[in-house]
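Visitor: Here you go, one structure.
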Amino acid sequence: AQRVTQPEKLLSVFKGAPVELKCNYSYSGSPELFWYVQYSRQRLQLLLRHISRESIKGFTADLNKGETSFHLKKPFAQEEDSAMYYCALSGQEGGSQGNLIFGKGTKLSVKP
Amino acid sequence: GAVVSQHPSWVICKSGTSVKIECRSLDFQATTMFWYRQFPKQSLMLMATSNEGSKATYEQGVEKDKFLINHASLTLSTLTVTSAHPEDSSFYICSAVSGGAYNEQFFGPGTRLTVL
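Chains A and B, in that order, are what the protein sequence lines are. Counting in this note's numbering, the first sequence runs from 2 upward without gaps. Counting in this note's numbering, the second sequence runs from 45 upward without gaps.
Here you go:
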């Protein structure tokens, strides 16, 4: 069964500290993984996708098929990074976002 | 960037009434829209996939007669919660696929439904 697991409901770090939001997935085929972010009182928006191998706002995520993980990392957290982060999986090929399966989300709180 | 709107942003209704929620892609055409439901402090759960000009595809466990979806144009999909009950109270979010290189999903701001 397709499943996305984000083990941490809340992650609290101090400004300037490294941050890693964990995401593990279960999928029998070749998945497409995404990270979405929802800032306070704003809509959900795409942060990055594994297929494009990009760094957005200092965040990166590497797909590890052996560990079935797609952890989101940033070396130096900023207060404006405080938000809800969702890991999502799509079973469609080519980076397209068909049906998305979301993890339960991790709330990142960056303290001054 | 692509913008998706939802109307209304919140609605309170009496039990037994029907409520219609609109999802519009403002600056692009969306052949596919998705409807999600989000309970407090929980993740988004896909309810159905709405394709323009055809019947919606519902996820397992979602009552299609309860949650009517109409995607009559390339910029508008509607979700009607029929005979709403308190357990239908939730945050309903739609998204629209832009059809670009990655078919990125753009999300609406959500609609808070409270059924008394």
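Glycine included, each C-beta is placed from N, C-alpha and C at the ideal position. All figures in this text were calculated on a predicted structure; none of them were measured in a lab.
Check whether the stretch 84–91 of chain B and the stretch 46–58 of chain B touch, using three or more Cβ-Cβ pairs below 8 Å as the test.
Guide: no
Visitor: Compile a chain-ordered list of the residues in the stretch 84–95 of chain B whose CB is closer than 9 Å to at least one CB of chain A.
Guide: Sequence-ordered contacts of the stretch 84–95 of chain B with chain A read 85, 86, 87, 88, 89, 90 and 93 [C-beta pairs closer than 9 Å].
Visitor: Expressed to the nearest angstrom, what Euclidean distance is found between the alpha-carbon atoms of residue 136 of chain B and residue 80 of chain B?
Guide: The count along the second sequence starts at 1 and reaches residue 136 of chain B at position 92. The count along the second sequence starts at 1 and reaches residue 80 of chain B at position 36. Between residue 136 of chain B and residue 80 of chain B, the C-alpha separation is close to 6 Å.
Visitor: By the 10 Å Cβ neighbour count, where 16 or more other Cβ atoms means buried, how is residue 1 of chain A classified, buried or exposed?
Guide: The structure shown does not extend to residue 1 of chain A, since chain A is modelled only from 2 to 113, so the question has no answer here.
Visitor: Verify whether the separation of the beta carbon atoms of residue 112 of chain A and residue 11 of chain A is less than 7 Å.
Guide: As a working mapping, residue 112 of chain A is identified with position 111 in the first sequence. As a working mapping, residue 11 of chain A is identified with position 10 in the first sequence. Contact: no.
Visitor: Taking Cβ positions, are residue 150 of chain B and residue 46 of chain B nearer each other than 7 Å?
Guide: The residue labelled residue 150 of chain B in the question sits at position 106 within the second sequence. The residue labelled residue 46 of chain B in the question sits at position 2 within the second sequence. Their beta carbons are under 7 Å apart, which means residue 150 of chain B touches residue 46 of chain B by this criterion.
Visitor: Note down the Cα distance separating residue 110 of chain B from residue 123 of chain B, rounded to an integer number of angstroms.
Guide: Indexing the second sequence from 1 puts residue 110 of chain B at position 66. Indexing the second sequence from 1 puts residue 123 of chain B at position 79. Rounded to whole angstroms, the gap between the alpha carbons of residue 110 of chain B and residue 123 of chain B is 10 Å.
Visitor: Let me make sure I understand the geometry here. Which of A:55, A:31 and A:47 has the alpha-carbon closest to that of residue 142 of chain B?
Guide: Start at 1 with the first residue of the second sequence, and residue 142 of chain B comes out as number 98. Ranking the options by Cα distance to residue 142 of chain B, first place goes to A:47.
Visitor: Report the rounded CA-to-CA distance for residue 116 of chain B versus residue 97 of chain B, giving the unit in angstroms.
Guide: Counted from its first residue, the second sequence places residue 116 of chain B at position 72. Counted from its first residue, the second sequence places residue 97 of chain B at position 53. Looking at the two C-alpha atoms, the distance is approximately 6 Å.
Visitor: Give the DSSP-derived three-state secondary structure of residue 49 of chain B in the structure shown.
Guide: Here the question's residue 49 of chain B lines up with position 5 in the second sequence. In this structure, residue 49 of chain B counts as strand in the three-state DSSP scheme.
Visitor: So with Cβ pairs under 7 Å, would you call residue 44 of chain A a contact of chain B?
Guide: Taking the first residue of the first sequence as position 1, residue 44 of chain A is located at position 43. Residue 44 of chain A counts as touching chain B.
Visitor: Using 7 Å as the limit for Cβ to Cβ distance, is residue 71 of chain A near chain B?
Guide: As a working note, residue 71 of chain A is residue 70 in the first sequence. False, the Cβ-Cβ gap to chain B never drops below 7 Å.
Visitor: Which residues in chain B sit within 9 Å of residue 87 of chain A, going by Cβ to Cβ distance?
Guide: Residue 87 of chain A sits at position 86 when you count from the first residue of the first sequence. Residues of chain B passing the Cβ test: 87 and 88.
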